[in-house]
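Let me begin by presenting the structure, written as structure tokens, before commenting on it.
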Amino acid sequence: MTKYAFTVELCVNSGDPLAFKMDGHRFDGALRTLKWSTDQTYAVKITTKPATEVTRINVNGADLDITKEKLGVFSGNWNTTGSEISKRGTRFPLIFLVDFAPEGQMRVEFQSKIYSKNDSHAVWGHKMNAVEFKCCGDDDGYVKIVDESYK
9 MTKYAFTVEL CVNSGDPLAF KMDGHRFDGA LRTLKWSTDQ TYAVKITTKP
59 ATEVTRINVN GADLDITKEK LGVFSGNWNT TGSEISKRGT RFPLIFLVDF
109 APEGQMRVEF QSKIYSKNDS HAVWGHKMNA VEFKCCGDDD GYVKIVDESY
159 K
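Using the working numbering, the first residue of the sequence shown is number 9, and each one after it goes up by one.
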């Protein structure tokens, strides 16, 4: 039985919006590939409506030091230093884990590619200002995503 319904907005940028390209279903069924650069710091911002507490943001295995900006708004920085540059024609799943209190944990997997810091391909394509997730929480401690939209 669904206990909670809320919206989560995820914004990620490095001063400019994150680029992505439409890949159709070429790679494991995902439609989009997010483009990341090595040796780059990305600002990660989570906004919840109605406001709820974010207790943890983890990006690809790294827990971020999070700051509560105001009620329902949390941020942190993720650095790609040391990340391996993706080989041509390959993609990998970049995983965001966000823990909410009391709703539970949300898991989002983005098909991704990492480019060299100065590779212009990293910024070509559509711009992602945010992704909005319509969510619900259950008694199992996990947040289910029922809809997502790119802004």
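The beta carbon of each residue, even a glycine, is placed where N, CA and C say it ideally should be.
Exposure of residue i, with buried meaning 16 or more beta-carbon neighbours within 10 Å
| i | result |
| --- | --- |
| Ala27 | buried |
| Thr63 | exposed |
| Ile93 | exposed |
| Arg99 | buried |
| Met9 | Here Met9 scores only 48 on pLDDT, less than 50, and its place in the model should not be relied on; the value that follows carries that caveat. Label assigned to Met9: exposed. |
| Val154 | exposed |
| Arg34 | exposed |
| Leu79 | exposed |
| Lys76 | exposed |
Run of the beta strand (DSSP E) containing residue i, from where it starts to where it stops
| i | result |
| --- | --- |
| Gly84 | Val81 to Asn87 |
| Asp155 | Tyr150 to Tyr158 |
| Thr41 | Ala38 to Ser45 |
| Ala51 | Thr49 to Lys57 |
| Arg134 | What sits at residue 134 in the sequence shown is His, not Arg. Unbroken beta strand (DSSP E) run through His134: His134 to Met136. |
| Glu140 | Val139 to Gly145 |
Opposing strand residues paired with residue i [DSSP bridges]
| i | result |
| --- | --- |
| Ile65 | Val106 |
| Thr75 | Ser83 |
| Gly112 | Phe108 |
| Thr15 | Lys57 and Lys142 |
Candidates the options: closest to residue i by CA position
| i | options | result |
| --- | --- | --- |
| Leu102 | Glu140, Lys95, Val67 and Arg96 | Val67 |
| Leu105 | Val151, Ile93, Arg96 and Asn126 | Val151 |
| Gln119 | Ala38, Ala51 and Val131 | Ala38 |
| Gly23 | Gly133, Val52 and Gly97 | Val52 |
| Lys135 | Leu42, Leu72, Tyr50 and Phe108 | Leu42 |
| Ala70 | Asn85, Leu79, Glu77 and Val16 | Asn85 |
| Ala138 | Leu72, Glu77, Thr15 and Tyr158 | Tyr158 |
Near the ligand SAM: residue i beta-carbon under 6 Å from a heavy atom
| i | result |
| --- | --- |
| Gln119 | No copy of the ligand SAM occurs in the structure displayed, which carries no ligand at all. |
Using 8 Å as the threshold, is the region 114-127 in touch with the region 43-58, meaning 3 or more CB pairs across them? yes
Please determine if the region 137-156 and the region 108-115 are in contact, where contact requires at least 3 C-beta pairs separated by less than 8 Å. A contact exists between the region 137-156 and the region 108-115.
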